[in-house]
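Take a look at the structure set out below.
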Amino acid sequence: GEDVEQSLFLSVREGDSSVINCTYTDSSSTYLYWYKQEPGAGLQLLTYIFSNMDMKQDQRLTVLLNKKDKHLSLRIADTQTGDSAIYFCAEGWQANNLFFGTGTRLTVIP
Amino acid sequence: NAGVTQTPKFRVLKTGQSMTLLCAQDMNHEYMYWYRQDPGMGLRLIHYSVGEGTTAKGEVPDGYNVSRLKKQNFLLGLESAAPSQTSVYFCASSTYKSSYEQYFGPGTRLTVT
């Protein structure tokens, strides 16, 4: 299967911006997703981008895609304590063929 | 509207025992999925269903069986549990039009000793 990699941990101070990074290997057209998992809960889809796009912005969230390097990032502006969670990057064209990264645990320090 | 619910939340099994995990959704979604989440790894798809009465294998189906007798329910069975099946199991559902937008349940933590 395809490979999706993320760093495991990130700590930021409240009010700062967070940048969570992901790399993937799929060379074909695909969708790329960011999910959030809060403690004791399932994954929640935050946003997604098609692989022919460079950027997508949704309120405090900005997704940047470097197609050449197959590098995806999620920027959270004005990070709040409620943003503390595990963030998963995933890629796939079909729902039955999604490949997930290991998740990045974001800790927001008050 | 409860979304996606899973039963039980926690379970400990001995090797060789069997059990069934229940997933229920009240959103009238056509598609349902079972994933497992292991430390240091992303979610991996076990089985999925695109409609009542139909199921299909995902990436890691061995040792599991599923059934979808009703649209709202998706059952995951372990006939003879093994320690390698110790994991957190997530159920998800989606519409067929937006199958990439999956709604997840809270998970079931299963330990096999």
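Chains as they are written, first to last, in this note's numbering: chain L, 27 to 136; chain F, 1198 to 1310.
Just so it is clear, CB atoms sit at the ideal spot from N, CA and C, and this is done for glycine as well.
Boundaries of the beta strand (DSSP E) in which residue i is found, first to last residue
i: ASN1225/F; result: Note, ASN1225/F: premise wrong, no beta strand (DSSP E); not H, not E.
i: SER1284/F; result: 1284-1291
i: SER37/L; result: 35-39
i: GLN1203/F; result: 1201-1204
i: GLN70/L; result: 69-76
i: VAL134/L; result: 130-135
i: SER99/L; result: 97-102
i: THR1308/F; result: 1305-1309
Straight-line Cα distance separating residue j from residue i
i: VAL1309/F; j: THR1292/F; result: 33 Å
i: GLN32/L; j: ILE75/L; result: 17 Å
i: LEU98/L; j: TYR1228/F; result: 27 Å
i: PHE1207/F; j: SER53/L; result: 39 Å
i: GLN106/L; j: VAL38/L; result: 9 Å
i: ASN123/L; j: LYS1254/F; result: 11 Å
i: LEU34/L; j: LEU91/L; result: 20 Å
i: THR1202/F; j: ASN1225/F; result: 13 Å
i: ILE135/L; j: LEU1218/F; result: 37 Å
i: GLN1214/F; j: THR1252/F; result: 24 Å
i: GLN1282/F; j: LEU1307/F; result: 8 Å
i: GLN1299/F; j: LEU1210/F; result: 29 Å
i: GLN120/L; j: THR1212/F; result: 35 Å
i: LYS82/L; j: VAL89/L; result: 5 Å
i: THR138/L; j: GLY1248/F; result: The structure shown has nothing for residue 138/L, since chain L only spans 27 to 136.
Chain-order list of residues whose beta-carbon lies under 7 Å from that of residue i (same chain, five-residue window excluded)
i: LEU72/L; result: TRP60, TYR61, LYS62, LEU87
i: ASN1262/F; result: GLY1274, GLU1276
i: GLY1269/F; result: The displayed chain sequence assigns Gln, not Gly, to residue 1269/F. Closer than 7 Å at the Cβ level, and outside the excluded window around GLN1269/F, lie ALA1221, GLN1222, ASP1223.
i: ALA111/L; result: LYS62, GLN63, GLU64, LEU132
i: PHE126/L; result: VAL30, PHE114, ALA116
i: THR1204/F; result: LEU1219
i: GLY118/L; result: THR56, TYR57, LEU124, PHE125
From the options, residue whose alpha carbon lies closest to that of residue i
i: LYS93/L; options: LEU34/L, THR49/L, SER44/L, THR128/L; result: THR49/L
i: ILE46/L; options: ILE135/L, LEU100/L, ALA116/L; result: LEU100/L
i: ASP109/L; options: VAL30/L, LEU36/L, ALA116/L; result: LEU36/L
i: LEU104/L; options: MET81/L, PHE125/L, GLU40/L; result: The identity of residue 104/L in the sequence shown is Asp, whereas the question assumes Leu. Of MET81/L, PHE125/L, GLU40/L, the residue nearest in Cα terms is GLU40/L.
i: ASP42/L; options: ILE102/L, ASP95/L, THR51/L; result: ILE102/L
i: ALA1311/F; options: LEU1307/F, ARG1306/F, PHE1301/F, THR1305/F; result: What is shown of chain F runs 1198 to 1310, which leaves residue 1311/F out entirely.
i: LEU58/L; options: ASP29/L, GLY66/L, SER44/L, PRO65/L; result: ASP29/L
i: CYS1288/F; options: ASP1259/F, MET1238/F, THR1305/F; result: THR1305/F
i: ALA1279/F; options: LYS1294/F, VAL1247/F, GLY1260/F; result: GLY1260/F
i: LEU1272/F; options: GLN1282/F, LEU1210/F, TRP1231/F, THR1212/F; result: TRP1231/F
i: GLY1239/F; options: VAL1285/F, PRO1205/F, LEU1210/F, GLN1299/F; result: VAL1285/F
i: ASP95/L; options: ASP80/L, THR130/L, ASP84/L; result: ASP80/L
Cutoff 8 Å; reference residue i; Cβ partners in own chain excluding five residues on either side
i: GLY1250/F; result: ARG1265, LEU1266
i: GLU1256/F; result: ARG1241, LEU1242, ILE1243
i: LEU69/L; result: TYR61, LYS62, GLN63, PHE114
i: PRO1258/F; result: ILE1243, HIS1244
Beta-bridge pairing of residue i - partner residues as DSSP gives them
i: GLN83/L; result: THR88/L
i: ILE1243/F; result: Paired residue(s): none; ILE1243/F is not in a bridge.
i: TYR50/L; result: VAL30/L
i: GLY118/L; result: TYR57/L
i: ASN1262/F; result: GLY1274/F
i: LEU172/L; result: Since the first residue shown for chain L is 27 and the last is 136, residue 172/L is missing from the structure and cannot be characterised.
i: LYS1254/F; result: HIS1244/F
Within chain B, the residues that residue i reaches when beta carbons sit closer than 8 Å
i: THR128/L; result: Here the protein chains are L and F, and chain B is not one of them.
Cβ-based neighbour list, residue i, same chain, cut-off 6 Å, excluding 5 preceding and 5 following
i: ASP84/L; result: THR73
i: GLY129/L; result: ILE112, PHE114
i: SER1317/F; result: In the structure as shown, chain F begins at 1198 and stops at 1310. Residue 1317/F is therefore absent and cannot be evaluated.
i: ASP1235/F; result: SER1284
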